[in-house]
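Colleague: This is the structure, below, for whatever I ask next.
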Amino acid sequence: MSTRRPASRALPPAMRPPVQRASAADRAFMAMDTGPVPAQFGVVLELDGHLSLARAREVIAGRVGSVPRLRQRLVSAPLGCGGPLWIDDAGFDIAHHVREVICPPPGDEQQLMDAALAEVMSPLGRAAPLWSVVLFTGLQDDRSALLVVVHHALADGVGGLSILASLADPGGRSEDRTFPQAAPGVRSLFADALARKCQAASGVATSWRLLRSAMSAGGGFRPVPITPCSLMHPTGPRRGVIVVRTRRDDVRAFAHQYGATTNDAVLVAVAAALRQLLEGRGERLDTVVITVPVSGRNAEQAPALGNMVSPLLVPVPTAGAISERLARVAETVRAGKASASGPPPIAVLGWLFRPLARLGGFRWYMSHQHRFHTLVSHLRGPDQPLGFGGLRIAAAVPLGVGEAGNSTLSFEVLTYNGTLSVSAILDPDHVPDGDELGTALDDQFRLMRQRHQSGGPDVAPGEHRCCDGHDDDRGEHHPRVPERQAAGDRPL
């Protein structure tokens with residue numbers, strides 16, 4: 002049964018809502034989304050039990066009101082009335098956003114991640130709110146899983162966590178307002194656009210200062226070129242994923258020994274794993290340059306949607322004692338975060354970036370860039386388990402895709418209920434040794450755990466190997482390199 006609502010009558014001007022413009026960063030993400038891989042991210046929520054589609058729609062329909070943007074779509078303003086704006090979707094239909102997919106047999110972890118990544122790779126429709134939820138059934142032990150997919154123009158990672166918190170039990174508090182509200186009229190849009198232009202003109206000096214700061218965090222206008230390696234190759238339309246899990250407390254305790262954070266330790270582990278991977282290819286890389294998205298949100302902005310992240314370039318050494326490498330990374334990140342706390346360059350230079358991106362300029366640049374080898378995005382989720390529809394959310398796994406350029410690997414990291422999950426997103430045509438990467442990353446987390454527990458001497462990368470046996474503390478390694486995950490392989 003459809004829950005479509007009829008459009009409401011236009012409200013008097015005095016009662017109309019304020020103009021809700023898309024931010025410069027939101028517009029930049031829409032402009033750069035021109036290639037075969039959409040700028041979207043998702044989280045797989047593995048449930049401890051079976052959930053029906055009817056129940057999923059019922060729960061989400063009752064909670065979307067707590068996040069107004071989930072019932073809004075992005076539209077262009079009339080000529081001369083400013084940039085795009087968010088308006089209520091009068092035809093909002095929960096059935097359009099929440100649907101069921103039966104996981105291919107045998108319905109195990111591998112099949113679930115393959116199917117989930119294929120859904121994240123399917124572009125969301127631009128004429129509706131930019132999100133979807135997929136209910137996966139047919140899993141082993143009669144379990145279900147939810148995949149929440151969001152376009153980067155709607156929210157960044159922190160905003161995505163805010164959406165998850167509102168949809169999970171017991172749900173967020175719905176706003177007391179009429180839905181749908183009428184869109185602002187031409188007069189109010191024109192007045193708003195004029196006011197914004199005046200404000201922008203008066204803030205030219207501030208914008209230049211913010212640009213210089215953001216570019217400094219991202220390596221400057223003329224960064225030192227990275228060391229070439231086989232990790233750098235123009236990527237195609239297919240993606241695969243490898244998931245490695247470990248206990249967050251083990252990584253955090255090890256990092257704290259050296260005055261570092263969990264995120265610092267993850268960067269060191271990723272860089273060492275990439276060195277080990279390249280050694281298997283007959284190459285050596287002593288420094289891996291990693292792009293780290295840094296949130297510019299303060300405590301009051303944390304629940305807000307939109308994009309408030311800037312890139313920070315972190316050179317991560319792979320040679321020497323692990324304690325020394327960790328200390329160097331921690332110092333670099335601390336020093337660089339202040340510069341990366343403002344708006345990203347793509348927002349500050351939005352007037353120039355957006356038209357170039359629409360013409361393919363961003364894709365061309367990313368395919369020829371020499372600033373970084375890979376990207377690592379790390380989000381901290383809830384420390385306690387959440388629920389949905391009365392079922393416990395047993396695990397949460399991040400998945401994120403977008404224009405990768407010539408970086409054949411990127412990493413999405415999420416901590417949830419004591420577990421740190423790392424999803425390595427790769428181009429399977431250029432990273433055929435994905436299983437080796439998963440093993441190498443698992444090795445690094447095991448090394449950190451053992452170093453913390455034993456307090457023994459440091460071990461250089463490549464000298465430590467996991468034993469063949471399994472124990473309760475071992476981080477799980479799940480290879481995900483599906484042969485069918487091309488953006489054009491699935492109907493929209």
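Just add 1 to wherever you are in the sequence shown, counting from 1, and you've got this note's numbering. Note that beta-carbon positions come from the ideal geometry of N, C-alpha and C, so glycine has one too.
Which parts of the stretch 89-163 are runs of the beta strand (DSSP E), unbroken and 3 residues or longer, counting only runs that do not cross its ends?
Modeller: Qualifying beta strand (DSSP E) stretches, in chain order: 99-103, 132-138 and 146-152.
Colleague: Beta-carbon within less than 6 angstroms of GLY160's beta-carbon, same chain only, minus the 5 sequence neighbours each way: which residues are those?
Modeller: LEU306.
Colleague: Spatial neighbours of LEU313 within its chain, please: C-beta separation below 8 angstroms, excluding the five flanking residues on both sides.
Modeller: For LEU313, where only same-chain residues beyond five positions count, the Cβ hits under 8 angstroms are ALA218, GLY219, THR292, VAL293, PRO294, VAL295, VAL334, GLY337, LYS338, SER340 and ALA341.
Colleague: For ASP287, collect the residues of the same chain with a Cβ closer than 7 angstroms to its Cβ; drop the 5 residues on either side in sequence, then sort them by chain order.
Modeller: Excluding residues within five positions, the ones whose Cβ falls inside 7 angstroms are PRO318, THR319 and ALA320.
Colleague: Tell me whether the beta-carbon of VAL151 lies closer than 9 angstroms to the beta-carbon of LEU131.
Modeller: Taking 9 angstroms as the Cβ cut-off, VAL151 and LEU131 qualify as a contacting pair.
Colleague: Pairing CB atoms from the stretch 113-124 with CB atoms from the stretch 77-84, are three or more of them under 8 angstroms?
Modeller: With the cut-off at 8 angstroms, the stretch 113-124 and the stretch 77-84 do not touch.
Colleague: Pick out the complete beta strand (DSSP E) segments inside the stretch 379-444, 3 residues or longer, and give them in chain order.
Modeller: 392-402, 410-417 and 420-427, all fully within the stretch 379-444.
Colleague: How is THR333 classed by DSSP in three states: helix, strand or coil?
Modeller: DSSP places THR333 in helix when its eight states are reduced to three.
Colleague: Less than 8 angstroms between C-beta atoms, sequence neighbours within five positions excluded: which residues of the same chain meet that for ALA154?
Modeller: Closer than 8 angstroms at Cβ, skipping near neighbours: ALA23, ASP27, ARG28, PHE30, MET31, ASP34, ALA40, LEU75, LEU131 and ASN308.
Colleague: How many Å lie between THR236 and PHE412 at the Cα?
Modeller: If I take the Cα positions, the gap works out to 15 angstroms.
Colleague: What residues are listed by DSSP as bridge partners for SER296?
Modeller: SER296 pairs with VAL310.
Colleague: Do the stretch 58-72 and the stretch 91-106 make contact, defined as three or more Cβ pairs closer than 8 angstroms?
Modeller: In short, these stretches touch, since the Cβ pair count reaches three.
Colleague: Under 8 angstroms, with one C-beta from each stretch per pair, do the stretch 358-372 and the stretch 273-289 reach the 3-pair mark?
Modeller: Cβ pair count under 8 angstroms is below three, so no.
Colleague: Look up PRO316 in the DSSP assignment and say whether it is helix, strand or coil.
Modeller: The answer is strand: DSSP assigns PRO316 an E or B state.
Colleague: With a threshold of 6 angstroms on Cβ separation, who are the neighbours of ALA156 within its own chain once the five nearest residues in sequence on each side are excluded?
Modeller: So the qualifying residues of the chain are LEU306.
Colleague: Quick one, which of PRO19, GLN21, VAL38 and LEU46 has its alpha-carbon nearest GLY390's?
Modeller: The shortest C-alpha separation from GLY390 is found at LEU46.
Colleague: Check for me: the alpha helix (DSSP H) holding ARG56 runs from which residue to which?
Modeller: Taken as a continuous stretch (DSSP letters only), the alpha helix (DSSP H) holding ARG56 covers 54-62.
Colleague: Please name the residue in LEU136, VAL225, GLU404 and LEU448 whose C-alpha comes closest to that of ARG240.
Modeller: Out of LEU136, VAL225, GLU404 and LEU448, GLU404 has the C-alpha closest to the C-alpha of ARG240.
Colleague: With VAL20 and LEU190 assumed to form a contact (beta carbons below 8 angstroms), what rounded beta-carbon distance in angstroms separates them?
Modeller: Correct: roughly 6 angstroms between the Cβ atoms.
Colleague: At the level of alpha carbons, what is the spacing between ALA395 and GLY158?
Modeller: Taking the straight line from one Cα to the other gives about 20 angstroms.
Colleague: Cα separation between LEU353 and ILE164?
Modeller: Taking the straight line from one Cα to the other gives about 31 angstroms.
Colleague: Hey, VAL414 and VAL402 are a contact pair by Cβ (cut 8 angstroms); roughly how many whole angstroms apart?
Modeller: With 8 angstroms as the limit, VAL414 and VAL402 do not qualify as a contact, their Cβ atoms being about 15 angstroms apart.
Colleague: Do you know how far the Cα of PRO383 is from the Cα of ASP143?
Modeller: In a straight line, the C-alpha of ASP143 is about 26 angstroms away from that of PRO383.
Colleague: To which residues does DSSP link GLY43 through a beta bridge?
Modeller: DSSP lists VAL150 and LEU400 as partners of GLY43.
Colleague: Report the CB separation of GLN141 from GLY108 in whole angstroms; it is logged as a contact under 8 angstroms.
Modeller: Rounded, the Cβ-Cβ distance is 5 angstroms, consistent with contact.
Colleague: Taking THR247 as part of the beta strand (DSSP E), name the residues at either end of that continuous run.
Modeller: Its beta strand (DSSP E) spans residues 241-248.
Colleague: To the nearest angstrom, how far is the alpha carbon of ALA183 from that of ARG72?
Modeller: Between ALA183 and ARG72, the C-alpha separation is close to 13 angstroms.
Colleague: Report the residue from CYS104, ALA331 and ALA129 whose alpha carbon sits nearest the alpha carbon of LEU136.
Modeller: It is CYS104.
Colleague: Using 9 angstroms as the threshold, is the C-beta distance between ALA272 and ARG326 below it?
Modeller: Their beta carbons are under 9 angstroms apart, which means ALA272 touches ARG326 by this criterion.
Colleague: With a 10 Å radius around its C-beta and 16 neighbouring C-beta atoms as the bar for buried, classify THR179 as buried or exposed.
Modeller: Exposed.
Colleague: If we count the other Cβ atoms within 10 Å of its Cβ and call it buried at 16 or more, is PHE222 buried or exposed?
Modeller: With fewer than 16 other Cβ atoms within 10 Å, it is exposed.
Colleague: From ASP49 to SER123, what does the alpha carbon distance come to, in whole angstroms?
Modeller: Cα to Cα, ASP49 sits roughly 27 angstroms from SER123.
Colleague: According to the neighbour-count rule (16 or more other Cβ atoms, all chains shown, within 10 Å of its Cβ), is GLY126 buried or exposed?
Modeller: GLY126 is exposed by the Cβ-count criterion.
Colleague: Alpha carbon to alpha carbon, what distance is there between ALA202 and VAL245?
Modeller: Roughly 48 angstroms between the two C-alpha positions.
Colleague: Apart from the five residues just before and just after CYS230, which ones in its own chain have a Cβ nearer than 8 angstroms to its Cβ?
Modeller: So the qualifying residues of the chain are LEU279, GLU284, LEU286 and HIS374.
Colleague: Within this structure, are the beta carbons of ILE227 and LEU438 separated by less than 9 angstroms?
Modeller: Contact: no.
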